[in-house]
């Protein structure tokens with residue numbers, strides 16, 4: 041039996057409310073209705089990321105709170121000037137037909153909560169690739185605030201900075217997935233870090249080459265998907281269908297760990313050659329990393345064994361694809377919100393090797409080249425999420441294309457993070473994908489949360505796979 045992890049709760053030092061500065065222009069829209077793309081992710085848990093920045097010169101908490109913290113607050117306020125909906129509130133009621141559809145509403149004075157804490161855990165261990173108990177990770181994550189009033193409302197973004205004296209800092213962010221996809225989040229993050237690098241004297245007037253676009257009119261909905269998705273959510277909410285998402289959620293189980301597995305560019309090339317020789321598929325690095333991880337998780341869960349000798353059900357995999365260039369007409373690249381389509385892959389569980397899984401994912405990606413193909417079956421996207429949760433399908437969060445390590449470069453004493461985690465995969469059954477944070481590696485890192493015994497089996501599968509590649 042694995043030892044019970046030592047708990048290291050953080051100590052809250054202060055809490056701030058950061059408002060956009062300067063305030064958004066009077067002509068900017070104050071209410072953003074959720075589009076059908078946004079509604080796909082309505083019931084999904086918020087996306088929570090952690091950014092670890094090593095700095096052994098940080099002698100004590102006061103070094104940070106007196107010297108660095110004001111600069112972080114000012115640069116965040118400057119970024120929120122452009123991304124002010126992140127300081128707004130999301131209306132959360134869907135139960136009744138007569139209730140107005142959800143929207144993000146910004147009012148003057150709205151803010152993003154910023155929590156400052158001090159941690160006593162082992163910073164280097166927390167920022168490592170090794171298996172870490174998720175109970176040690178959760179204290180670093182901020183919660184979205186809830187607001188009362190005539191309609192239930194929830195905050196959209198929360199930030200926490202945890203200081204580890206003589207080690208570094210960890211910045212945790214929580215964002216509601218129905219408000220922003222990974223591309224929009226990375227746009228905000230790079231704006232925040234750019235403001236920080238410019239310094240305090242220029243934070244109040246951060247110029248942007250490409251500001252975010254909030255115009256919902258650029259998203260065409262000729263098929264009436266928004267109204268259809270609203271009906272689906274209401275029906276699922278009434279029937280308890282949203283509770284199926286709990287089938288993904290490991291946060292209530294003891295002994296769950298978070299770990300990172302890396303595939304270098306050289307290893308991915310070798311795996312690609314093997315996949316091509318066995319299946320004839322010439323896969324992308326993304327498909328290879330996802331396929332290897334999918335096969336490893338299925339193996340860790342027991343492979344092809346079914347109940348009482350019955351054949352095991354098929355294994356399921358889901359990923360998202362960017363729809364901005366695929367929409368008709370195309371959605372501008374700087375559009376703020378969600379603009380993702382859902383893609384599904386299915387394979388026989390007992391036959392799922394890394395090669396078979398990678399080839400299956402790649403063929404699904406190749407199928408997206410046909411114009412309009414991503415929107416086939418889109419009417420079922422909301423229910424697909426529930427079905428995949430019930431099947432404990434493996435899905436994907438993040439993407440190497442987002443470039444989060446570069447986007448999170450605060451410069452100065454902090455630079456790029458030494459490690460980025462998507463901690464919310466503990467609740468969503470997803471792989472956390474990012475470009476490798478190691479300079480010159482050119483590879484892909486995959487984070488995942490599993491019960492400790494399954495993680496050990498996955499690790500053995502991963503190491504055996506790499507060893508077989510030579």
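Numbering (our numbering), first residue to last: 41 to 510. Every residue, glycine too, gets a C-beta built ideally from N, C-alpha and C.
Contact belief for residue 453 with residue 91 at Cβ below 8 Å, rounded distance in angstroms
Incorrect: roughly 14 Å between the Cβ atoms, too far for contact.
Where does residue 198 fall in DSSP's three states?
strand
Between the segment 399 to 417 and the segment 316 to 335, can you find at least three pairs of beta-carbon atoms closer than 8 Å?
yes
Label residue 148 either buried or exposed according to how many other C-beta atoms from any shown protein chain fall within 10 Å of its C-beta, with 16 as the threshold for buried.
exposed
So for residue 355, helix, strand or coil by DSSP?
strand
To test your reading of the DSSP string, which unbroken alpha helix (DSSP H) runs of 4 or more residues are found completely within the segment 70 to 154?
76 to 80 and 109 to 122
Please work out which residues of its chain come closer than 7 Å, Cβ to Cβ, to residue 393, disregarding the five sequence neighbours upstream and downstream, and give them in chain order.
335
Along the beta strand (DSSP E) that carries residue 393, what are the first and last residues, could you check?
Segment: none, residue 393 is in no beta strand (DSSP E) and carries neither H nor E.
Between which two residues does the beta strand (DSSP E) carrying residue 213 extend?
208 to 215
Determine, using beta-carbon pairs with one atom in the segment 230 to 241 and one in the segment 114 to 126, whether at least three such pairs fall under 8 Å.
yes
Take the Cβ of residue 55 as the centre, count every other Cβ of all protein chains shown within 10 Å, and call the residue buried at 16 or more, exposed below.
exposed
Between the C-alpha atoms of residue 286 and residue 467, what's the straight-line distance to the nearest angstrom?
8 Å
With respect to the beta strand (DSSP E) encompassing residue 491, which residues constitute its N-terminal and C-terminal limits?
484 to 491
Does DSSP classify residue 513 as helix, strand or coil?
Residue 513 lies beyond the residue range present for the chain, which begins at 41 and ends at 510; the question has no answer from this structure.
What residue range does the beta strand (DSSP E) around residue 386 cover?
380 to 387
Just tell me which of 405, 418, 410 and 406 has its CA closest to the CA of residue 381.
418
Give me the residue from 62, 311, 488 and 260 with the minimum Cα distance to residue 151.
62
Residue ranges of each beta strand (DSSP E) run of no fewer than 3 residues wholly in the segment 269 to 340, ordered along the chain?
296 to 303
Does DSSP put residue 441 in a helix, a strand or coil?
helix
Between 141, 69 and 226, which has its C-alpha nearest residue 373's C-alpha?
226
Given that a residue counts as buried once 16 or more other Cβ atoms are within 10 Å of its Cβ, and exposed if not, what is residue 170?
exposed
Just verifying my parser: in three-state terms, what is the DSSP assignment at residue 429?
helix
DSSP three-state assignment for residue 165, whether helix, strand or coil:
helix
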